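Top line first, the protein sequences correspond to chains H and D.
Quick note: to get the numbering used here, add 1113 to the position in the first sequence (first position is 1).
Quick note: to get the numbering used here, add 165 to the position in the second sequence (first position is 1).
For each residue, glycine too, the CB sits at the ideal point set by N, CA and C.
Computed from a predicted model, the values in this text were never measured in an experiment.
Report on the structure given below.
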Amino acid sequence: MAMRPQYRTALFLLPAGVWFFAMLVLPLVVVFVFSFGERGPAGGYVPAFTFDNFLNLGARWTAFKNTLTLAPIGTLACLLIAYPLAYFLALRASPKLRTMLLILVIVPFWTSILIRSYAWIFLLGGRGIPALLALVGLEDLRLINTPFAVLVGIVYGYLPLMVFPIYVSLERLDKRLLEASADLGAPPLRTFLTVTLPLSMPGVATGCMLVFILLMGEFLIPAMLGGGKVFFVGNALVDLFLQSRNWAYGSAVAMALVLIMLVTVTAYMRATRRWAGGRDEVSLM
Amino acid sequence: MRIYALAVYLFLYIPIGIIALFSFNSGRAASQFTGFSVQWYGKALSNRFVVEAFQTSFAVALASAALATVFGTMAALALQSVKGRVRVAFDALIYIAVMVPGIVIGIATLIALVTVFDWLNPLLAAIWPVAEATPQLSLGYGSLIAAHGLFTMALVIIIVRARVAGMDRSLIEASADLGATPFGTFRQVTLPQIAPAILAGFLLAFTFSFDDFIIAFFVAGSKTTLPIYIFSSIRRGVTPEVNAIGTMVLTISLCLLITAQAILQGGRKPTKN
């Protein structure tokens, strides 16, 4: 087994490298090239070089508008609900229960988002919560297929992803700082606002970024809980590629989506890094 | 504070619980629980389409997770001794694989593969010796495994690399000093230390592939995976049978995930994060 270490390293990297190239780099290049092409007579793609697809993006403006409104609102809603829970887990829960409670938060994220969204069709549909509300006099309340239903689905789906990074940054925080603040006479709220909150900002920034990125590409939640009325760019993409088979225009929409994501995420990271200090390394598990 | 936490846990688990509860409903009605029964499980398990979809999902998940685990672990190990441009390139690829939305990956893979197949199929037909038996490249198992393998490989690399980075290097040096061959050191020192991460990576990869809808939706071709089957059934309406299938899928993923978590948490040294 006298193989030179460099060759062994190269050999070990080869399969993953080839896979990444064939299934990631190449397909993304194809999308880029197709976005300048034209739709074939029977759908699909015909080579061309035109900017028409990009100039025509306005035709799908509603999808972009919905995505760019509901993704930030959804991220904010996740943050507001996740922060107190992360705080409780990191600073108030008994250490014995902590690991188990944490696992209970993370596990739903890895289970099928399809089935979790389906659960809300069941709950928000005419015979679920609206039927219960009708009993107390609130009749004719429509919940399913509204932006509210989509928002509930978003929070339900992505809450775990927000809790975890915030938990990590709160858990790493030097507890002596909190004691010092209290000893120096600061009331709990002031300690929270001047010590805990600023120190947990890296976690907040990471959580918001993860949730926002995933929400930008969301398809299932609006498809299932928005009922065709509340649709995202993801829904427009499914329509363009699988129904109307306009690959060139669809590629332009996909490029625009990735571009918007890149710009917002880069701007966001620049803005947060200024006051968040060093980057917080976070794994999803 | 405690009440708030309890409320969030209820919010997370009640909807799943209700699906599970109604899967045991004896009646067809989606709103009233009329009695306990396992008939919907029987219905689901004797439905040929459900069984076929399950087999497809299981085979794809197993193959993509196995390939991703082997190649991902190899890459993670090699990356620790790589610096410079190759390192930067790999980090960028892993980052892109995780960050680009699944829907874009699905679309990109679909059009790239269809284009390549359209170009290769006539070529194959021209060079293949037996005209009647010419293989036709098309979307199916291969494209599903390849597309799922991409994301899951990135996942395995991230998990295993975190473990490799936290490994005690002095043990490896000691082993080498004591005259062990590189392979001996790997088998007796490195592998036992990173084994939990590899196993957890495999379980996560399997779960991801088994549960994935959006990528499969684009690249499955004529194959139907279980999530695709569930999605099209939901389109036709809420039925107790879907509840039963959903509960089974959730149970399978929950078992795998809790095992993965236990392995990761158990192997983690309490002093380090």
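Just verifying my parser: in three-state terms, what is the DSSP assignment at residue 1359 of chain H? strand
Skipping 5 residues on each side, what residues in its chain have a beta carbon closer than 6 Å to that of residue 1191 of chain H? 1268, 1271, 1272, 1275 and 1324
Would you mind sorting residue 1321 of chain H into buried or exposed? The rule is 16 or more other CB atoms within 10 Å of its CB. buried
4-residue-minimum alpha helix (DSSP H) runs that sit fully inside the region 1298-1346 of chain H, ordered along the chain: 1301-1304, 1314-1329 and 1333-1338
For chain D, find out if any of its Cβ atoms is closer than 7 Å to the Cβ of residue 1322 of chain H; answer yes or no. no
Cβ of residue 301 of chain D less than 7 Å from any chain H Cβ? no
Below 7 Å on C-beta distance, what does residue 1262 of chain H contact in chain D? Per Cβ cutoff of 7 Å: no residues; residue 1262 of chain H is ~13 Å from chain D at best.
Beta-carbon of residue 1122 of chain H versus every beta-carbon of chain D: anything under 7 Å? yes
Tell me the rounded alpha-carbon separation between residue 1353 of chain H and residue 1360 of chain H. 7 Å
Euclidean distance between Cα positions of residue 298 of chain D and residue 288 of chain D: 14 Å
Can you tell me which residues form a DSSP beta bridge with residue 201 of chain D? D:190
Reduced DSSP category for residue 1393 of chain H - H, G, I as helix; E, B as strand; rest coil: Caution applies to residue 1393 of chain H, whose pLDDT of 44 falls short of 50 and renders its modelled position unreliable; the model cannot decide the point.
Within 7 Å of any Cβ in chain H, is that where the Cβ of residue 214 of chain D sits? no
Own chain, CB closer than 7 Å to residue 1340 of chain H, minus 5 neighbours either side, in chain order: 1257 and 1258
Counting only the same chain and skipping the five closest in sequence on each side, list residues whose C-beta sits under 6 Å from that of residue 191 of chain D. 199, 200 and 202
Less than 7 Å between C-beta atoms, sequence neighbours within five positions excluded: which residues of the same chain meet that for residue 1367 of chain H? 1144 and 1350
DSSP three-state call for residue 1278 of chain H: helix, strand or coil? helix
8 Å Cβ cut-off: residues of chain D touching residue 1382 of chain H: Neighbours of residue 1382 of chain H on chain D: none; closest Cβ ~12 Å, over 8 Å.
Using a Cβ-Cβ distance under 7 Å, would residue 239 of chain D count as near chain H? yes
Below 8 Å CB to CB, which residues in the same chain sit around residue 1392 of chain H once its five sequence neighbours on both sides are set aside? For residue 1392 of chain H, the predicted structure reports a pLDDT of 44, less than 50, and the residue's modelled location is therefore unreliable. A value from the coordinates is still provided. So the qualifying residues of the chain are 1315 and 1386.
Could you name the residues that DSSP lists as bridge partners for residue 1151 of chain H? H:1159
Tell me, please, whether the CB atom of residue 180 of chain D is closer than 7 Å to any CB atom in chain A? Of the protein chains in the structure, H and D, none is chain A.
Buried or exposed for residue 255 of chain D, please, with buried defined as at least 16 other CB atoms from any protein chain shown within 10 angstroms of its CB. buried
Using only the alpha-carbon positions, how far apart do residue 1253 of chain H and residue 1342 of chain H sit? 19 Å
Which residue from D:355, D:349, D:230 and D:282 puts its Cα closest to that of residue 335 of chain D? D:355
Would you mind sorting residue 1178 of chain H into buried or exposed? The rule is 16 or more other CB atoms within 10 Å of its CB. exposed
If we call anything under 7 Å between Cβ atoms a contact, is residue 1279 of chain H one with residue 1381 of chain H? no
How would you list, in chain order, the residues of chain H whose beta-carbon sits under 8 Å from the beta-carbon of residue 430 of chain D? 1212 and 1216
Alpha-carbon to alpha-carbon, residue 241 of chain D and residue 1396 of chain H: Only weak support exists for where residue 1396 of chain H lies, its pLDDT of 43 falling under 50; the coordinates are left without a value.
Which two residues bound the contiguous alpha helix (DSSP H) that contains residue 1199 of chain H? 1174-1200
Could you pull the start and end residues of the alpha helix (DSSP H) that residue 353 of chain D belongs to? No alpha helix (DSSP H) holds residue 353 of chain D; DSSP gives it neither H nor E.
If we define contact as Cβ-Cβ less than 7 Å, is residue 1357 of chain H a contact residue for chain D? no
Around the Cβ of residue 413 of chain D, are there at least 16 other Cβ atoms within 10 angstroms (buried) or fewer (exposed)? buried
Pairwise C-alpha distance: residue 307 of chain D and residue 1140 of chain H: 16 Å
With 16 as the cutoff for other CB atoms within 10 Å, does residue 215 of chain D come out buried or exposed? buried
I need the boundaries of the alpha helix (DSSP H) containing residue 1259 of chain H, first residue and last residue. Unbroken run through residue 1259 of chain H: none, as it is neither H nor E.
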